[in-house]
Every structure is written in structure tokens, then in C-alpha cells.
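Residues 21 to 102 in our numbering are what the sequence shown spells out, letter by letter. Glycine included, C-beta positions come from ideal geometry on N, C-alpha and C. Just so it is clear, the structure is predicted and the values come from calculations on it, not from any experiment.
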Amino acid sequence: MAGEVEGVVSSSVALKTISRETEQHKKMGSGGEGRHRRIWFEWDVLMSLSHPLLPSLRGVLATDVVVGLVIDRYGGRDLNSL
21 MAGEVEGVVS
31 SSVALKTISR
41 ETEQHKKMGS
51 GGEGRHRRIW
61 FEWDVLMSLS
71 HPLLPSLRGV
81 LATDVVVGLV
91 IDRYGGRDLN
101 SL
């Protein structure tokens with residue numbers, strides 16, 4: 021098929037992002053601190069755990085605007101809807 025690379029397995033991923041603006045608010049001590057801590061806590065947890073029922077951290081994307089965690093994507097409903 022077009023677009024396939026030999027030796028590379030295709031999989032679906034999700035990108036969880038946090039804005040750099042939120043990071044700046046954290047440094048100034050206003051509002052965004054809780055979300056900032058949660059995303060870095062999640063990063064640490066995903067880096068340290070390896071289990072077939074948990075998503076794996078595939079990478080980190082950082083730009084001038086956002087920081088994103090690339091994780092395995094599982095089909096189904098949003099966890100917030102449960």
C-alpha cells in the first residue's frame with residue numbers, strides 16, 4: 021500500500037496537549053498550575069509503567085505554542101462519559 025514503510029508497524033495514537041501559555045501562568049502563580057502538574061505527572065506515570073492494558077507513551081512533541089504527549093489510542097468511548 022502507498023505510504024507504508026517497510027519494517028514499521030502502523031498504529032493509532034492520541035496527542036494530549038498543554039499550551040505554553042498555561043505553563044507561563046504556572047510560573048507566575050496563577051490558575052494553570054493544577055493542569056500543568058497533572059500533565060507532567062501523567063508523563064512520569066506513562067514513562068514508568070509498562071502493562072498491556074495501559075497506553076504507552078510513544079513520544080513528546082514540543083513547539084513554541086504547545087507541549088504534547090503522544091500516547092496509544094484505544095477505540096471506544098471517551099473516559100469522561102463513563
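Bridge-paired residues (DSSP) for residue i
{"i": "Leu35", "result": "Val90"}
{"i": "Val85", "result": "The partner list for Val85 (beta bridge, DSSP) is empty, contrary to what the question assumes."}
{"i": "Val6", "result": "Here the chain covers residues 21 to 102 and nothing more, so residue 6 does not appear."}
Contacting residues, own chain, Cβ-Cβ under 8 Å from residue i (five flanking each side not counted)
{"i": "Tyr67", "result": "It should be pointed out that residue 67 corresponds to Met in this sequence rather than to Tyr. If we look at Met67 and ignore the five residues flanking it on each side, its Cβ neighbours are Leu77."}
{"i": "Ile133", "result": "For residue 133 there is no data in the structure shown, the boundaries of the chain being 21 and 102."}
Inter-residue CB distance, residue i and residue j (contact presumed, cutoff 8 Å)
{"i": "Val86", "j": "Arg57", "result": "About 17 Å; that fails the 8 Å criterion."}
{"i": "Pro75", "j": "Asp92", "result": "4 Å"}
{"i": "Leu69", "j": "Lys36", "result": "That belief does not hold up - the Cβ atoms of Leu69 and Lys36 are roughly 16 Å apart, past 8 Å."}
Residues near residue i by beta carbon distance below 7 Å, same chain, minus five either side
{"i": "Met21", "result": "Because the pLDDT of Met21 is 46, which lies under 50, any placement of that residue in the model is unreliable, and the number read from its coordinates should be weighed accordingly. For Met21, where only same-chain residues beyond five positions count, there are no Cβ hits under 7 Å."}
{"i": "Ala34", "result": "Ile91, Arg93"}
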